[in-house]
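To start, the structure under review is shown below, and the notes come after it.
Below you can see the structure in the form of structure tokens.
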């Protein structure tokens, strides 16, 4: 097979292998629910996925081993690199190559120079990730769709957007008190005033108060009555008998 065809095939296959375990499939499914309603928006989500794919392609073409050793996560153009490599050069290459991809705003390096994870460590990390996704998903005080969780050797890295400091504290507390978590590293940013107002409007439309719900229902009834009156008037005009002069 020609070299130019081998690279894309291997890349797609390796990306699939990176996240095809049952635990990762479950956690990814929970994390990706209601993507369109994330604070970063569907457009930014798609852009982030494009950046992530481009970085993985660049890493793969530079060094197949580097691609396997480094995990890439992107949120609003902010790239988080995690994983374990065997030397400083590989770490520096991953950072340098990530910066070369269009759309990258910053690169946060959390790559460590040490031996790869054992199967036990990998399995435990997946268990922690799945557990945290479930805990945040069912926590009504947290907008879980706005957070991404990466776990490596018991260290939990958080990226995303928090409504306010109170919500972020709740998330960090949940992570810290989860079994087998050794450390929490947060790259989460707080919403600005515009985003807070936008979320408030979205929530009010999605879950209106009893008074607002009654007002909406009242408007619907009035509009329905107006429409019925219009139809009745139109029917009467059609059925009206013609005069002799007609």
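Numbering (our numbering), first residue to last: 308 to 553.
No residue lacks a Cβ here, since even glycine has one placed at the ideal position from N, Cα and C.
Rounded C-alpha distance that separates residue i from residue j
i: residue 534; j: residue 526; result: 12 Å
i: residue 316; j: residue 377; result: Because residue 316 sits at a pLDDT of 49, beneath the cut-off of 50, its placement in the model cannot be relied upon, and the point is left open.
i: residue 489; j: residue 361; result: 32 Å
i: residue 400; j: residue 428; result: 25 Å
i: residue 336; j: residue 472; result: Low confidence applies to residue 336: its pLDDT is 46, below 50, so where it sits in the model is not reliable enough to give any reading.
i: residue 333; j: residue 536; result: Any answer about residue 333 is weak, because its pLDDT of 42 lies below 50 and its placement is not dependable; what the coordinates show is given next. When rounded, the distance between both Cα atoms is 53 Å.
i: residue 405; j: residue 365; result: 8 Å
i: residue 363; j: residue 392; result: 16 Å
i: residue 388; j: residue 505; result: 30 Å
i: residue 380; j: residue 459; result: 13 Å
i: residue 414; j: residue 357; result: 16 Å
i: residue 499; j: residue 455; result: 19 Å
i: residue 529; j: residue 512; result: 20 Å
i: residue 450; j: residue 476; result: 13 Å
i: residue 501; j: residue 347; result: 13 Å
i: residue 338; j: residue 432; result: In this predicted model, residue 338 has a pLDDT of only 41, less than 50, meaning its place in the structure is not dependable enough to derive any value.
i: residue 457; j: residue 491; result: 10 Å
i: residue 384; j: residue 412; result: 5 Å
i: residue 531; j: residue 474; result: 42 Å
i: residue 445; j: residue 507; result: 20 Å
Residue i versus the options, residue with shortest Cα-Cα distance
i: residue 352; options: 410, 391, 507, 470; result: 410
i: residue 355; options: 467, 487, 447; result: 467
i: residue 349; options: 431, 528, 452, 395; result: 452
i: residue 485; options: 381, 474, 436, 384; result: 436
i: residue 369; options: 387, 358, 407; result: 407
i: residue 416; options: 483, 494, 432, 470; result: 494
i: residue 390; options: 431, 424, 476, 430; result: 424
i: residue 448; options: 481, 372, 375, 359; result: 481
i: residue 462; options: 476, 444, 445, 439; result: 439
i: residue 470; options: 445, 503, 432, 464; result: 503
i: residue 371; options: 397, 487, 464, 420; result: 397
i: residue 419; options: 394, 441, 434, 412; result: 394
i: residue 291; options: 402, 483, 465; result: In the structure as shown, the chain starts at 308 and stops at 553, and residue 291 therefore has no counterpart that could be examined.
i: residue 430; options: 507, 487, 508, 367; result: 487
i: residue 442; options: 426, 478, 421; result: 478
Continuous alpha helix (DSSP H) stretch holding residue i: start and end
i: residue 354; result: 348-369
i: residue 478; result: 472-483
Span of the beta strand (DSSP E) around residue i
i: residue 496; result: 490-497
DSSP beta-bridge partners of residue i
i: residue 465; result: 456, 493
i: residue 503; result: The partner list for residue 503 (beta bridge, DSSP) is empty, contrary to what the question assumes.
i: residue 449; result: In the DSSP output, where bridge partners are listed per residue, residue 449 has none listed.
- Message: Which runs of the beta strand (DSSP E) at least 3 residues long sit entirely within the segment 381-437? Give them in chain order.
- Response: 385-392, 413-420
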